[in-house]
Structure formats: structure tokens, C-alpha cells
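Asker: Okay, here's the structure, questions in a sec.
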Amino acid sequence: MESLPDLFRIPAVVLGIGLVIFVHELGHFIAARLCGVRVVTFSLGFGPKLFGWRRGSTLYQIAAFPLGGYVRMAGDEPRERDQPPLPDELPAKSVGQRFFIYSGGVAMNVVFALVVFPILFQVGVPFQRPVVGDVTPGGPAWQAGIPVGHEIAKVNGTEVFDFGHVLNAVALGDSDDVRLVLRDPATGVETLHRLAAEQNETLGLPMIGVEPGVKRAPDGGLMLAVHADSAAARAGLSDADRIVDVVGGTPGESLRGQLALPMLRGEALELVVEGPEGRRTVTVEPARDPERPDLRIGIQPPARGGAAVRGSARTLGLRVGDDIMAIDGEPLESTGDLARLLDGRTGEVRFMVERAGEPFSLTTTLPTPDAGRALARDLAIGLDLDTTVVTVFPNAPASLAGLRTGDRILSINGVEVTDWDDTVRAVERARSKEAPLVVRIERSDETGTAEYRDVSVPPQHRPALDYGFSFQADTYIYQTESLGEAVRVGALCSWRFLEDAWLTLKRMLTRQVSPKNMGGILMISAVSYEVAAAGLAKLFFFLCLLSMNLAFVNVLPIPLLDGGHLFFLLIEKIKGSPVSDRVLGYSQMVGVVLILSLMVYVTYNDFVRVFGG
Numbered sequence: 045m046e047s048l049p050d051l052f053r054i055p056a057v058v059l060g061i062g063l064v065i066f067v068h069e070l071g072h073f074i075a076a077r078l079c080g081v082r083v084v085t086f087s088l089g090f091g092p093k094l095f096g097w098r099r100g101s102t103l104y105q106i107a108a109f110p111l112g113g114y115v116r117m118a119g120d121e122p123r124e125r126d127q128p129p130l131p132d133e134l135p136a137k138s139v140g141q142r143f144f145i146y147s148g149g150v151a152m153n154v155v156f157a158l159v160v161f162p163i164l165f166q167v168g169v170p171f172q173r174p175v176v177g178d179v180t181p182g183g184p185a186w187q188a189g190i191p192v193g194h195e196i197a198k199v200n201g202t203e204v205f206d207f208g209h210v211l212n213a214v215a216l217g218d219s220d221d222v223r224l225v226l227r228d229p230a231t232g233v234e235t236l237h238r239l240a241a242e243q244n245e246t247l248g249l250p251m252i253g254v255e256p257g258v259k260r261a262p263d264g265g266l267m268l269a270v271h272a273d274s275a276a277a278r279a280g281l282s283d284a285d286r287i288v289d290v291v292g293g294t295p296g297e298s299l300r301g302q303l304a305l306p307m308l309r310g311e312a313l314e315l316v317v318e319g320p321e322g323r324r325t326v327t328v329e330p331a332r333d334p335e336r337p338d339l340r341i342g343i344q345p346p347a348r349g350g351a352a353v354r355g356s357a358r359t360l361g362l363r364v365g366d367d368i369m370a371i372d373g374e375p376l377e378s379t380g381d382l383a384r385l386l387d388g389r390t391g392e393v394r395f396m397v398e399r400a401g402e403p404f405s406l407t408t409t410l411p412t413p414d415a416g417r418a419l420a421r422d423l424a425i426g427l428d429l430d431t432t433v434v435t436v437f438p439n440a441p442a443s444l445a446g447l448r449t450g451d452r453i454l455s456i457n458g459v460e461v462t463d464w465d466d467t468v469r470a471v472e473r474a475r476s477k478e479a480p481l482v483v484r485i486e487r488s489d490e491t492g493t494a495e496y497r498d499v500s501v502p503p504q505h506r507p508a509l510d511y512g513f514s515f516q517a518d519t520y521i522y523q524t525e526s527l528g529e530a531v532r533v534g535a536l537c538s539w540r541f542l543e544d545a546w547l548t549l550k551r552m553l554t555r556q557v558s559p560k561n562m563g564g565i566l567m568i569s570a571v572s573y574e575v576a577a578a579g580l581a582k583l584f585f586f587l588c589l590l591s592m593n594l595a596f597v598n599v600l601p602i603p604l605l606d607g608g609h610l611f612f613l614l615i616e617k618i619k620g621s622p623v624s625d626r627v628l629g630y631s632q633m634v635g636v637v638l639i640l641s642l643m644v645y646v647t648y649n650d651f652v653r654v655f656g657g
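Reminder that position 6 of the sequence shown reads as 50 in our numbering, one-by-one numbering, no gaps.
This is the structure:
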């Protein structure tokens with residue numbers, strides 16, 4: 045299906061979310077009517093009525109706050125104990141009938157997914173291909189030698205057909221034993237790889253360090269998505285072009301890796317591209333985007349920290365966590381220095397290393413140029429976050445103020461800094477007050493003598509740089525060959541989303557998954573808007589996921605939710621009488637506090653995610 049035009053995306057999202065809520069409330073409504081209960085109000089949304097109509101004894105309405113809906117049944121309101129209910133009121137019905145009524149919404153949400161999923165899979169749904177686009181150097185996938193470009197067929201024994209499924213399965217599975225079945229795109233041969241995930245503290249999830257793929261041409265070039273009226277467009281690039289090389293890039297690094305550092309520094313890109321006009325070299329000068337301020341000052345830690353080793357690097361004598369300070373006397377300062385210094389090298393190479401603060405040297409002999417490249421591929425180093433030595437980007441505020449690469453920051457505005465986190469906090473404090481940064485530095489001269497000076501970095505609100513292009517996502521249309529297969533895959537998806545919801549809650553309780561990953565109506569709306577861009581099929585796929593999650597949340601035994609009512613009905617069935625008004629009243633107070641607290645928390649998460657708060 046084609047993507048929805050921007051004009052129709054917001055109405056489609058509003059109607060889509062409203063449809064899921066309507067389906068849930070319709071389940072309660074149908075169950076109540078089947079049991080002979082009179083429905084007083086059928087409302088989409090809460091709060092004041094915007095408009096409505098009455099049919100029979102029921103008021104159908106749209107309310108002001110579209111955060112849910114409700115069905116109010118006769119007898120729902122509190123009553124005197126000695127006042128018997130009327131035959132068409134809820135309290136007059138048996139425990140089994142009331143259980144059926146309160147579970148009607150959950151059941152209808154599940155039915156919605158079971159019916160709509162097969163239709164979607166027969167029509168075809170766009171997904172991001174589950175291909176290993178890149179691996180994080182030093183991460184679990186890198187350590188395990190996961191090959192870039194291979195398709196991920198299964199994770200922990202479960203079939204996957206979207207890259208997002210891979211991330212979910214890893215985050216919610218056994219972190220110590222992640223089982224990937226990879227398919228070679230050239231031969232179709234499948235191989236099993238086992239590895240352990242690592243906790244990503246930023247995202248609050250276990251991850252294995254794999255990145256999604258981008259669309260590639262048969263020659264390996266990266267297909268471009270060029271933004272209208274942008275720097276890339278003005279340089280002559282279009283969506284039909286692909287990048288095949290980066291002039292001056294680090295040999296042996298991926299194309300995306302070669303682009304990362306110059307784009308971070310804001311440098312012009314000299315690209316070799318292939319397209320309808322043939323092969324040509326294009327220079328893209330970044331434009332400044334006044335709508336996005338760049339509050340950075342242009343420093344980062346040196347790229348020499350925490351070595352990770354595999355393959356040929358194991359014979360070098362390095363240990364995990366060693367800091368590689370220099371190679372043949374040339375210090376490692378920026379991302380890409382390792383590959384640059386080892387590319388094509390032969391003969392003896394000397395590494396200056398620090399281990400637990402103690403310096404020493406290691407020497408190895410590279411018999412061929414390929415050996416140097418292999419060594420660079422089998423070594424991974426990160427940013428040294430334990431130092432205050434900085435790498436300074438050219439033409440950035442720090443560089444223009446006089447800071448140099450290799451300077452050691454001692455204090456900022458009189459506050460001592462001892463590591464990179466201290467440095468970031470001190471910079472952020474000063475920038476929030478729009479105050480100059482007075483940076484006390486230690487710098488060594490040509491003789492190695494330390495000198496100390498103060499450098500003032502004035503506050504600057506420079507527009508962020510924008511190159512005007514991204515890469516086309518590696519998407520495809522997943523479509524089943526038969527209705528039977530569509531039903532099977534739809535049932536599998538429905539069960540998977542229920543299982544994922546349960547495992548997410550379980551992992552949050554055990555702190556393996558951070559609660560900051562929870563989202564509310566803002567995140568749902570934002571995600572719905574994004575998936576609507578891929579067309580109605582993808583939007584309805586997301587609505588099925590939302591419907592299954594709504595079913596799961598509502599079955600939880602929390603007072604005021606359907607699950608709370610079901611829980612008290614089970615107690616009533618066991619003890620032979622309803623719970624007391626006192627217990628019911630206190631439980632509802634607890635439920636109100638829990639739900640309001642959760643709403644506040646997820647709304648805060650939404651603002652941070654959506655608006656970058």
C-alpha cells in the first residue's frame with residue numbers, strides 16, 4: 045500500500061486510535077446487551093460531552109478527552125445495600141454473566157487482532173528487513189563475529205520478519221544465551237550463533253549491538269534519501285543516487301563509519317556517487333538549520349579507551365579494558381585513528397598501552413598489508429571516559445577559543461572536573477545560564493613541560509549543521525502465500541504481542557528493562573503518525589499491536605480496570621458473597637492513585653521522548 049499523504053495522516057491516526065477504543069467498549073456493550081443489562085452511556089473519551097445522540101435507553105457520545113472510553117451500565121452507581129437491583133441492572137446478574145461483561149472488552153480486542161492480522165498479511169505489510177546492517181565495535185555481536193549483511197531468520201527459536209522483532213526478542217529473552225539463526229543471502233544456508241547480551245544503560249535494555257540495514261545497490265552502494273531544498277539537493281544529489289565511496293575516508297571502515305566523523309565535526313563531505321548521471325564526485329557543504337540550535341562546544345574524549353579484542357588481535361597481548369594510547373608514537377585521538385594507523389602497515393608496530401593506570405608497550409610484526417587491516421578489524425576501542433583530556437573539533441567554539449587536542453581540562457568555571465561526566469555536567473550548567481566557560485587547562489609544550497592557562501569559551505547559539513540526506517531504510521513487503529498461512533502468522537503475532545507485554549512487565553519488575561521505556565498517549569500518537577507514513581496496512585498492523593496491549597493492560601488485577609473487576613468477581617465466587625463496600629472503596633482509592641501515578645509517569649516519558657525534554 046502507498047504511504048498516506050501528510051494531510052491525511054493525523055485524521056487517520058485519530059480515527060485509528062479511536063477505533064481500538066471503540067472496539068474495546070463495543071465488547072462491553074455487546075456482552076451487556078447479551079446478558080440483558082441496560083446500557084446508560086456509551087462514550088468514546090472522558091469528560092464533558094462534545095456531541096452525542098440517544099437511541100433507546102442509551103446515550104452514545106464523544107467526550108472531550110480522547111484518552112479512552114467507557115460503557116456505563118444500569119446499576120453501576122453505588123446503591124443502598126437493602127435496595128434490590130432491577131432485573132436489567134448489572135448487580136442483578138450472576139457472577140458468570142458479570143465476568144462475561146467485564147471481560148468483553150479484552151475479548152473484543154483480541155478478536156480484532158485475530159481478524160485483522162490475517163487480512164493484512166494477505167494484502168502485504170511493509171517491514172524493516174531483519175538484516176544485520178552493522179555491528180557495534182566491541183559489542184556482543186562484534187565479539188561473536190556476526191557477519192554484516194546476513195538476514196536474521198530466528199531469535200531464540202522464534203521466526204522474525206521485522207528488525208524490531210529482533211530487538212524485542214533480545215531485550216525480553218535470556219540475556220546470557222541469545223540464539224540467532226542467520227541466513228546467508230548468497231547461499232541461503234542458515235547457521236546458529238549463540239552470544240550474551242549486554243545491558244544498554246542509556247536505553248535501559250539488554251542489547252547485542254546490531255544495527256538495522258539500509259538499502260543497498262547490487263554494488264554495495266548506499267541508497268540515498270535526499271531532503272527537498274537541502275544542502276545535498278543543491279549539490280546535485282537525488283534519491284536515485286547511491287554513495288559508493290568517501291574521498292579521504294578511512295580504508296577498511298564501512299561507508300557509514302567513514303561518514304560519521306566528518307559529519308560529527310561539521311566538515312564538507314566529498315562523496316563518490318553512482319546514479320542516472322553515471323559515476324561522479326560530489327561535494328556536500330553542510331547548511332545551518334536555524335530551527336535547531338547546536339549547543340555543543342566541539343570537544344570529545346580521545347578514542348583510545350577500553351579495548352575489546354577478537355581473532356588476530358588476541359595474539360597481541362592486549363586485555364579487555366586496556367587503553368591504547370598511541371601506535372608508533374602517534375596518539376589515538378579520534379574515531380577512525382586505529383584503522384588509519386594500521387591500514388596497509390607491514391613490519392614491526394609498537395603499541396603504547398595503559399593497564400590500570402600503568403603504561404607499557406607491546407610490539408607485533410605485520411607480515412602483509414592485509415594483516416594490518418585484519419588487526420584493525422579485530423580491535424575495538426571506545427571513548428576514554430575516565431580522562432579529561434579532550435579531542436577538539438576544528439572550527440568549533442572550543443577550537444576558536446584556543447583549546448587544542450591533547451589539552452587536559454582541570455576545572456570549568458572554578459569547578460574541578462575529574463572525568464568526562466564531570467566535564468559534560470559543568471558545560472551544561474554554564475550553557476543553561478548562557479554564561480562563558482572559563483576552562484582551566486594543562487598543556488604540555490614541545491619539551492614535555494606542563495603549562496597552565498585559562499581559556500574563555502563564550503556562549504554561542506549556533507544553528508545546527510544539516511547535510512540534507514539520510515539513507516533509505518531497507519524495507520520490504522511481507523505477504524503470505526495463502527489464507528491459512530495468514531491466519532497462522534496472525535495468531536503467532538497476537539500471541540507474541542501478549543507474551544512480549546507480559547515479559548516486559550516481568551523484566552521491569554526485575555529491573556532488566558527500564559520503566560522509562562513505557563509510553564502513553566503522546567508516544568502512541570507519535571508512533572501512529574510515523575507508521576501511517578508507510579500506509580494503511582502498517583497503520584492497521586500497529587493498531588492490532590495496540591489492541592493486544594490494551595487487552596493485556598486491562599486484564600491486570602488493578603482496581604478500576606477490567607482486571608480489577610474480574611479479580612473481585614473471582615473472590616465473590618470463591619467466598620459466596622461480594623467483597624465489602626469498605627474493601628471495595630479502599631481498593632478503588634488505591635487504583636485511582638496507581639493509575640494517576642502511572643499516567644503522570646508515562647506522560648513525562650512521552651514528553652522526554654517526543655519533545656526531547
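All residues carry an ideal CB built from backbone N, CA and C; glycine is no exception.
So what's PHE513 in DSSP terms, helix, strand or just coil?
Answerer: As a first step, residue 513 is located in the sequence shown; it is residue number 469 there, counting from the start. The answer is strand: DSSP assigns PHE513 an E or B state.
Asker: Compute the Euclidean distance between the alpha carbons of ARG475 and ILE343, then round it to the nearest angstrom.
Answerer: Locating residue 475 in the sequence shown gives position 431, where the first residue counts as 1. Locating residue 343 in the sequence shown gives position 299, where the first residue counts as 1. Roughly 14 Å separates the two Cα atoms.
Asker: Using only CA atoms, which one of ILE61, SER591, LEU590 lies nearest to PHE109?
Answerer: Residue numbering aside, residue 109 sits at position 65 when the sequence shown is read from its first letter. The shortest C-alpha separation from PHE109 is found at ILE61.
Asker: I need the straight-line Cα distance from ARG82 to SER641, nearest angstrom please.
Answerer: The residue you call residue 82 lines up with position 38 of the sequence shown. The residue you call residue 641 lines up with position 597 of the sequence shown. Roughly 33 Å between the two C-alpha positions.
Asker: Alpha carbon to alpha carbon, how far is ALA545 from GLY579? Give it in angstroms, no decimals.
Answerer: As a first step, residue 579 is located in the sequence shown; it is residue number 535 there, counting from the start. As a first step, residue 545 is located in the sequence shown; it is residue number 501 there, counting from the start. Cα to Cα, GLY579 sits roughly 25 Å from ALA545.
Asker: When we look at the beta-carbon of LEU216 and count the other beta-carbons within 10 Å, is it buried (16 or more) or exposed?
Answerer: As a first step, residue 216 must be located in the sequence shown, where it is residue number 172. Buried, since its Cβ has 16 or more Cβ neighbours within 10 Å.
Asker: Mind the definition here: the stretch 482-493 touches the stretch 452-461 only if three or more C-beta pairs lie below 8 Å; say whether that holds.
Answerer: They touch, by the three-pair rule.
Asker: Pull up the distance between the alpha-carbon of PHE395 and that of GLY512, whole angstroms please.
Answerer: Taking the sequence shown and counting its residues from 1, one reaches residue 395 at position 351. Taking the sequence shown and counting its residues from 1, one reaches residue 512 at position 468. Roughly 40 Å between the two C-alpha positions.
Asker: Rounded to a whole number of angstroms, what is the C-alpha to C-alpha distance between GLY388 and ASP422?
Answerer: Indexing the sequence shown from 1 puts residue 388 at position 344. Indexing the sequence shown from 1 puts residue 422 at position 378. Roughly 15 Å separates the two Cα atoms.
Asker: If we count the other Cβ atoms within 10 Å of its Cβ and call it buried at 16 or more, is LEU527 buried or exposed?
Answerer: Walking along the sequence shown from the start, residue 527 turns up at place 483. The residue in question, LEU527, is exposed, as its Cβ has fewer than 16 Cβ neighbours within 10 Å.
Asker: Taking just the CA atoms, how far does GLY253 sit from GLY301?
Answerer: Locating residue 301 in the sequence shown gives position 257, where the first residue counts as 1. Locating residue 253 in the sequence shown gives position 209, where the first residue counts as 1. Between GLY301 and GLY253, the C-alpha separation is close to 15 Å.
Asker: With burial defined as no fewer than 16 other Cβ atoms inside 10 Å of the residue's Cβ, what is the status of PHE156: buried or exposed?
Answerer: The residue you call residue 156 lines up with position 112 of the sequence shown. Buried, by the Cβ-count rule.
Asker: Could you check the C-alpha separation between GLU398 and THR467 for me, to the nearest Å?
Answerer: Within the sequence shown, the letter at position 354 stands for residue 398. Within the sequence shown, the letter at position 423 stands for residue 467. So the two alpha carbons sit approximately 22 Å from each other.
Asker: With distances taken between CB atoms, is the gap from VAL210 to ILE196 smaller than 8 Å?
Answerer: Translated into positions along the sequence shown, residue 210 becomes position 166. Translated into positions along the sequence shown, residue 196 becomes position 152. Yes, the Cβ-Cβ distance between VAL210 and ILE196 is below 8 Å.
Asker: Taking all protein chains shown into account, decide if PRO601 is buried (16 or more other Cβ within 10 angstroms of its Cβ) or exposed.
Answerer: Locating residue 601 in the sequence shown gives position 557, counting from the first residue. Flag for PRO601 reads exposed.
Asker: Quick one: using the 10 Å Cβ neighbour count with 16 as the cut-off for buried, is ASP381 buried or exposed?
Answerer: The sequence position of residue 381 within the sequence shown is 337, counting from 1. ASP381 comes out buried.
Asker: Please report the distance separating the alpha-carbon of HIS68 from that of VAL459.
Answerer: Position 24 of the sequence shown, counting from 1, holds the residue named residue 68. Position 415 of the sequence shown, counting from 1, holds the residue named residue 459. Approximately 56 Å between the Cα atoms of the pair.
Asker: So who's on the other strand from VAL270, going by DSSP bridges?
Answerer: Residue mapping note: residue 270 aligns to position 226 of the sequence shown, counting from 1. Beta-bridge pairing links VAL270 to PHE513.
Asker: Mark TRP464 as exposed unless 16 or more other C-beta atoms lie within 10 angstroms of its C-beta, in which case mark it buried.
Answerer: Counting from 1 along the sequence shown, the entry for residue 464 is found at position 420. With 16 or more other Cβ atoms within 10 Å, it is buried.
Asker: I need the DSSP call for LEU130, collapsed to helix, strand or coil.
Answerer: Reading the sequence shown from its first residue, position 86 is the one you call residue 130. Three-state DSSP puts LEU130 in coil, outside helix and strand.
Asker: Could you name the residues of the same chain whose beta carbon sits closer than 6 Å to that of MET45, not counting the 5 residues immediately before and after it, in chain order?
Answerer: Along the sequence shown, one-based indexing puts residue 45 at 1. Reliability of the predicted coordinates at MET45 is poor, the pLDDT of 45 falling under 50, and the value obtained from them is presented with this limitation in mind. Closer than 6 Å at Cβ, skipping near neighbours: GLY579, LEU580, ALA581.
Asker: If I follow the unbroken alpha helix (DSSP H) through LEU419, where does it start and stop?
Answerer: Residue mapping note: residue 419 aligns to position 375 of the sequence shown, counting from 1. First-last of the alpha helix (DSSP H) with LEU419: 413-421.
Asker: Which runs of the beta strand (DSSP E) spanning at least 3 residues fall entirely within the stretch 313-346, listed in chain order?
Answerer: Runs found: 313-319, 322-328, 331-338.
Asker: Could you give the residue range of the beta strand (DSSP E) that holds ILE485?
Answerer: Locating residue 485 in the sequence shown gives position 441, counting from the first residue. It spans 481-488 - the beta strand (DSSP E) in which ILE485 sits, taken as one unbroken run.
Asker: Along the chain, where does the beta strand (DSSP E) that runs through ALA370 open and close?
Answerer: In the sequence shown, counting from the first residue as 1, residue 370 sits at position 326. First-last of the beta strand (DSSP E) with ALA370: 367-371.
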